[in-house]
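Structure, as structure tokens:
Numbering (my numbering), first residue to last: 422 to 905.
Below, the structure is given as structure tokens:
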């Protein structure tokens, strides 16, 4: 690890004021006191700065045109659907992380720190105010998630991002806006109390939802419960939230072998694994099926569950082992599993929707090859990719988690000759090379990533990645397999 420097010399935000509601505990002012200066952390900080530059200039003024909304203190997002809400929540995470921990660079962005702070405060406050718990007809719903694309299906993810940004900026929010943030997080978390998570396959191995793992959905559903338990550890619903959080984290990574309770510790945070888990959402080798193909993009979902470790560290609490237990199998598969071009492996015959053969050239998903000067880290998609060839931010964050966040039964990348410390700088360099092409610091050229919120997602991953490095350097990660 490189040298560390004191936050006192980086213009850190002042300690948050007391919470307006006692059930919200602000992030402590001393949770991060030193900043690492190792090469990987500096790469991640550079990526974050680039996303900040785009966020406070092109994104704010042109893409979203928020600068034109001067009449109402609360921004209008133009709708209540995913394209309207999720990107803004994701962008807020990157900006809030940089501002809270002294990483925001007004010289690089060309926008003063005070202006950027006002932007993210308005963004977070508006997202919370426009939530249905605070405004009639707002985004989100009060009932449990339904089918993909239905109302409320993904809103827990948006609320967890907006809520995380709000928690980071707590000291800059008014009492009214703090209450809005709290209501939003509470409302979304309460939807999951006593909810039964869906599974791709049942305990007998029968595919219940062809072509569509529920792993990623459960990961983002768990996020709101992770945030709620970290923010509000004294809340009346804490125990119910925590129980559901553990259930969803384990259901997301569940593989058929887990039902035997032999794949790791037999008891996970107070219950047998075969009690927590009633089906599976992945194959035993760590691969997942989504969109009817074996899909590496969705194989990075364990890093989304790892948001919970960051939340717990910010709260000064131990991370439940349930949040990290499944990570090693999925990461190992990405790094080492060899694919042979030709017919699909027989294990996928259980799903009639998987008809695609294995495309060439074969080999591991982490190909270790380069197809161009700005593509130093090829990702091989054995059955193709419907999101475009340029996405690396999620793989980068997977690598960062692997080399940064500890677990209980060995490192998250234990046994890998080339693990997170090897791949994280490579994938980070790829993202930096992409951003270097554009003066405003955005990442993607046309066709490289077709997701509407692609730029904002880079900001969110960069924020979490950089934050994880700060928390590690300050010794804030601790994992428990005890009852919570």
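Quick reminder that beta carbons are idealized off the backbone N, C-alpha and C, glycines included. Keep in mind the model is a prediction, meaning the values are calculated, not measured.
- In summary, residue 622 is buried, with 16 or more beta-carbon neighbours lying within 10 Å of its beta-carbon over all protein chains present.
- Boundaries of the alpha helix (DSSP H) around residue 846: 841-856.
- Judged by their CB atoms, residue 474 and residue 530 are nearer to each other than the 8 Å cut-off.
- Contact annotation: residue 833 and residue 735 have beta-carbon atoms that are not nearer than 8 Å.
- Shortest Cα-Cα distance from residue 777 to any of 649, 875 and 802 involves 802.
- In the displayed model, residue 712 falls within coil according to three-state DSSP, outside both helix and strand.
- Residue environment for residue 807: exposed (fewer than 16 other C-beta atoms within 10 angstroms of its C-beta).
- With 16 or more other Cβ atoms from the protein chains shown falling within 10 Å of its own Cβ, residue 888 counts as buried.
- Just so you know, the alpha carbons of residue 789 and residue 755 end up roughly 12 Å apart.
- Counting only the Cα atoms, residue 883 lies some 6 Å from residue 465.
- For residue 457, the enclosing beta strand (DSSP E) starts and ends at 455-457.
- Residue ranges of uninterrupted alpha helix (DSSP H) with 4 or more members, entirely inside the stretch 763-846 and ordered along the chain, are 814-825.
- Exclusion of the five residues before and after residue 791 leaves 797 and 799 as the residues of its chain whose Cβ lies within less than 7 Å of its Cβ.
- When the beta-carbon positions are compared, residue 725 and residue 640 come within less than 8 Å of each other.
- DSSP places residue 448 in no alpha helix (DSSP H); its state is neither H nor E.
- By the 16-neighbour rule on beta-carbons within 10 angstroms, residue 693 is exposed.
- Here residue 702 is near residue 673, since their CB atoms are less than 8 Å apart.
- No beta strand (DSSP E) of 3 residues or more sits fully in the stretch 650-702.
- Taking a 10 Å sphere around the C-beta of residue 460, we find fewer than 16 other C-beta atoms and assign the residue as exposed.
- With fewer than 16 other beta carbons inside 10 angstroms of its own, residue 904 counts as exposed.
- Of the candidates 597, 827, 495 and 463, the residue whose Cα lies closest to the Cα of residue 727 is 827.
- In terms of Cβ geometry, residue 742 and residue 902 form a close pair [threshold 8 Å].
- Burial check for residue 782: the Cβ neighbour count within 10 Å stays below 16, so the residue is exposed.
- Residue burial annotation: residue 528 is exposed, with fewer than 16 other C-beta atoms found within 10 angstroms of its C-beta.
- Distance from residue 514 to residue 652 at the Cβ level is roughly 15 Å; contact not present, criterion being Cβ atoms closer than 8 Å.
- Here the stretch 593-606 lies against the stretch 546-560, with 3 or more beta-carbon pairs under 8 Å apart.
- Straight-line spacing of the CA atoms in residue 658 and residue 573 works out to 21 Å.
- Contact between the stretch 870-885 and the stretch 810-820 is present: three or more C-beta pairs spanning the two stretches fall below 8 Å.
- Restricting attention to 738, 677, 695 and 886, the CA atom closest to the CA of residue 852 is found in 886.
- Secondary structure of residue 553 (DSSP, three-state): coil.
- For the pair residue 450 and residue 592, the Cα-to-Cα distance works out to about 10 Å.
- Residue 528 carries a helical assignment under DSSP once its states are collapsed to helix, strand and coil.
- Under the three-state reduction of DSSP output, residue 760 falls in the strand class.
- Between residue 580 and residue 561 a beta carbon distance of about 7 Å is seen, short of the 8 Å cut, so the two are scored as contacting.
- In the three-state scheme derived from DSSP, where H, G and I count as helix and E and B as strand, residue 618 is classed as coil.
- Annotation for residue 731: the continuous alpha helix (DSSP H) segment containing it runs 728-735.
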